[in-house]
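Step one of this worksheet: look at the structure below.
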Amino acid sequence: MTDYQHNPEQAHVRGLLRAVRETIGRDVAPEWTKAAEAAPRHCFLPELIWLDDDGGGYRPCDRRSGPDRWLAAAYDDEPVVTQLNDGTVPDDLADAWPSSSSSAPSVVFRMLQMLDLQPGMKVLEIGTGTGWTSALLSHRLGDSNVTTIELDPALAVRARVVLKEAGFGPEVVWGDGALGWSRNTPYDRVVATCAVQKIPPAWVDQTRPGGTILTPWDNPWAHWGLLHLLVGDDGTAVGWYSPDSAFMLMRTQRTHLGIYRDVVKDDHRSAKSETTLPRRAVVEGDAAFAIGHRLGDVWHTWEDAPVYGVADRLWIATTDAASWAAVDHDGSEEDRFTVYQHGPRRLWDEVEAAYEWWRGSGKPHPGRLGLTVTPEGGHWAWLDEPSERWLLR
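Mapping the sequence shown onto my numbering, position 236 (from 1) lands on 1125, and the numbers just tick up by one.
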């Protein structure tokens, strides 16, 4: 009989590692395979998790009442939502939104391998969550070399307990991850498990020269990407993006803007025009990622049938709610749209210009885009070369 027949838990782990291999296109490195075997994912999930209901919402999955479904979710190569609405489950699940999760294992191992960790390195993890990634890091580097910080006090307490029960003892800090943790500086690596729209200065300050920062990136226009920064001797951090990852935004960087509540007012007067640029082309794929880096502080949302004669509307607005645009489609097959713009910035004009820039630059994928963070806190985006840069609002 095989070891896996004697140990069903390890059979689940091996199955998960095979699924990860299929996703990332290569074997998980031996050191992370050993870490996964020493820290089985299910040990770090809460008894109650939340699964997609196939309708855009969430349904509860309780280990006590549905152990098989719960265990299957634990070893599926998919993210698992572990908290809704910052810990307060709404009476109506239609109002639910995820506030913490265990990331898809393929993304976790991809990020761990990108860190290029070596024995003796010190790591600061931003966003402890369930504690699973902290355990993997501790197995690789030793408890004393891993510090993890969590803003949510309940999650921090739970992670500390679960890690101890699993045999790991990294330093678990309850605090604001944007401030880092200066007591154990400098770090060789800073890795975030939540997305940011700006790199907190403390992360750069607390990383040794030659060290790296790896964080999910969230642009108001396109909410995905990984940013890998190298910190220089002068405190400047420079790096590139890689695609195919989306994380929850750091809680302290959230904005809660509503179109009618915060942006569009009854007394606003808008300029009317027309466009033939298909709206979907600017909010999807590589184009959206590049456009987001040209626009900076601009976001969008969709509204179905806002008024009679309009099938759907693309809303665009600045994060300070000073400027907005609406791009309407009447439902016909013709690619002609009515545009309304208000405020000091003509946002649809900016979108069209950014789209033409993207096309004229050879339709670059995210890997051709990068970011420079200066010691003064400036964020400068660039294409191909850091010298060809523009200020990211």
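Idealized CB from N, CA, C, for every residue including glycine.
Below 8 Å, too few C-beta pairs join the segment 955-963 and the segment 1034-1053 to call them touching: fewer than three. D941: member of the beta strand (DSSP E) spanning L937 to D941, first to last residue.
Of L1030, P1195 and V1240, the smallest CA-CA separation from A1170 is found for V1240. Between K1011 and D1077, the beta carbon gap of about 5 Å places them in contact (Cβ cut-off 8 Å). Between L1013 and W939, the CB-CB gap reaches or exceeds 8 Å.
For the pair A1043 and A928, the Cα-to-Cα distance works out to about 21 Å. The beta-carbon distance between G1020 and L1052, rounded to whole angstroms, is 5 Å. This is short enough to meet the 8 Å contact definition. Per the Cβ contact rule, the segment 1126-1144 is in contact with the segment 971-990 (3 or more Cβ pairs under 8 Å). In the three-state DSSP reduction, V996 falls in the helix class (H, G or I).
Taken atom to atom, the span from the alpha-carbon of D980 to that of G1121 is near 50 Å. Per DSSP, reduced to three states, the secondary structure at Q1095 is coil, with no helix or strand assignment. Nearest Cα to W1213 within the set P1253, A1160, L1258 and G1058: A1160. The beta carbon of D1123 sits closer than 8 Å to those of P1264, all from its chain and outside the five residues before and after it, given in chain order. Contact annotation: W1237 and I1205 have beta-carbon atoms nearer than 8 Å.
Your pair G946 and A983 checks out as a contact, with CB atoms roughly 6 Å apart and the cut at 8 Å. Contact between W1106 and W1188 does not hold, since the beta-carbon distance rounds to 15 Å and is not under 8 Å. Closest option to V969, judged by alpha-carbon separation, among R948, T977, D1273 and G1267: R948.
With a threshold of 16 other beta carbon atoms within 10 Å, D1133 falls short and is exposed. Straight-line measurement puts the Cα of E1163 at about 37 Å from the Cα of I1088. Contact between L1203 and R1168 holds: their C-beta atoms lie close to 5 Å from each other, under 8 Å. Only residues of its own chain outside the window of five on either side were considered, and among them G1259, E1277 and R1278 have a CB closer than 6 Å to the CB of W1271, listed in chain order.
Separation of N1034 and V1050 (C-alpha to C-alpha, rounded to the nearest whole angstrom) is 19 Å.
When DSSP states are grouped into helix, strand and coil, C950 belongs to the strand group. Shown here, I1088 sits in coil according to DSSP, grouped into three states, outside any helix or strand.
Close CB contacts of R1257 within its chain, under the 7 Å cut and outside five residues either way in sequence, are with L1272 and D1273 (chain order). Here DSSP, grouped into helix, strand and coil, assigns W1246 to helix. Rounded to the nearest angstrom, the gap between the Cα atoms of S1027 and W1063 is 18 Å.
Restricting attention to beta strand (DSSP E) runs no shorter than 3 residues, the segment 1125-1158 encloses them at 1126-1131, ordered along the chain. Between the alpha carbons of Y1244 and G1198 lies a gap of roughly 27 Å.
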